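To start, the structure under review is shown below, and the notes come after it.
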Amino acid sequence: VLRIWREDDVNLDTAFKATLSADVCRIHTLPGADPLVLFRGGAVHSIDSLLAAPQQEIESVLPVGERIVWSEIFADEGQPLVVYITEQLSDYFVYIHQFSPVCVCKYLLKPNTEGSTILDCSGSMKSKIFTLLTLYSCGQVCQAPFPVSSINQESERVVSASPLLQLSGPIEGGALKFLDESHVAVLVPSAAKQKDCLSVWNTTFQTLAAVSEFSQKTSAQ
889 VLRIWREDDV
899 NLDTAFKATL
909 SADVCRIHTL
919 PGADPLVLFR
929 GGAVHSIDSL
939 LAAPQQEIES
949 VLPVGERIVW
959 SEIFADEGQP
969 LVVYITEQLS
979 DYFVYIHQFS
989 PVCVCKYLLK
999 PNTEGSTILD
1009 CSGSMKSKIF
1019 TLLTLYSCGQ
1029 VCQAPFPVSS
1039 INQESERVVS
1049 ASPLLQLSGP
1059 IEGGALKFLD
1069 ESHVAVLVPS
1079 AAKQKDCLSV
1089 WNTTFQTLAA
1099 VSEFSQKTSA
1109 Q
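The following block contains the structure:
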């Protein structure tokens, strides 16, 4: 059920409701742009189109057994770009959804270290190149570039993730955030396992720019 209410509405029961025909994964939005709805099956629709016809059939983009584990929206020269990662049988796939023109491309993401799982992702968009950052359970932060201008939805491509940072040993959980072209923030458990440590890394010089240890565990956001 999609609910829409104004900021001054205090009673959610009075909100506008629209029952959709498929399960929603997330809602993404950019400043000054209409929100986009990502469905669990991989389809992306604007909220306006869904409100106009809530019971419209939602196509399924993902094969059976493939599930979305991460998604985000980016701006590509003023146009939205929705990127999501799926997992199936220990394989990871990257989907890039463009809207002008509408185009969806699928990539098989090959990890730098076999057997590692993705804990979190982040990304950036610049000069028609989308750069994906991934935090793996082996303690590596890897990157993979995707040229958006040469997207071809006819065939699945294979992209290998190259190592960007090596943290200290395997980790069970964590969070990753792109800050700028030379810096990333990483939140991982400290050696004591009872606290979390937030660190900012300079990826150009492979140096630690700042570090802060929390007094307790966090939600890894």
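If you count by our numbering, then the sequence shown holds residues 889 to 1109, one letter each, in order. Just so it is clear, CB atoms sit at the ideal spot from N, CA and C, and this is done for glycine as well. Bear in mind the structure is a predicted one, so any value in this text is a computation, not a measurement.
- Around residue 1070, the same chain offers 1090, 1091 and 1092 as residues with beta carbons nearer than 7 Å, after the five sequence neighbours per side are excluded.
- By the neighbour-count criterion, in which 16 or more other beta carbons inside 10 Å mark a residue as buried, residue 1099 falls on the exposed side.
- Boundaries for residue 956: no alpha helix (DSSP H) harbours it, while the beta strand (DSSP E) harbouring it runs 955-964, taken from the DSSP string.
- The region 1028-1076 contains, as complete beta strand (DSSP E) runs of 3+ residues, the segments 1028-1035, 1045-1048, 1050-1054 and 1063-1068 (chain order).
- Cβ-Cβ separation between residue 999 and residue 1049: approximately 6 Å, consistent with a contact (criterion under 8 Å).
- In this structure, the CA atom of residue 925 is about 27 Å from the CA atom of residue 1031.
- The three-state secondary structure of residue 996, taken from DSSP, is strand.
- Checking the DSSP bridge columns, you'll see residue 901 has no partner listed.
- Residue 891 and residue 922 have their alpha carbons spaced roughly 15 Å apart.
- Counting the other CB atoms within 10 Å of its CB gives residue 982 a total of 16 or more, which places it among the buried residues.
- If you draw a straight line from the Cα of residue 1007 to the Cα of residue 911, it is about 24 Å long.
- Note that the C-beta distance between residue 1034 and residue 980 is not below 9 Å.
- For residue 1028, the number of other beta carbons within 10 angstroms of its own is at least 16, and it is reported as buried.
- Per DSSP, reduced to three states, the secondary structure at residue 936 is helical.
- The DSSP-derived three-state label of residue 1026 is coil.
- Its chain contains 918, 921, 924, 961 and 987 as the residues whose beta carbon lies nearer than 7 Å to that of residue 968, once the 5 sequence neighbours on both sides are disregarded; these appear in chain order.
- Minimum Cα-Cα distance from residue 952 among the listed residues 1005, 974, 934 and 935 corresponds to 974.
- Here residue 904 is exposed, its C-beta having fewer than 16 other C-beta atoms within 10 Å.
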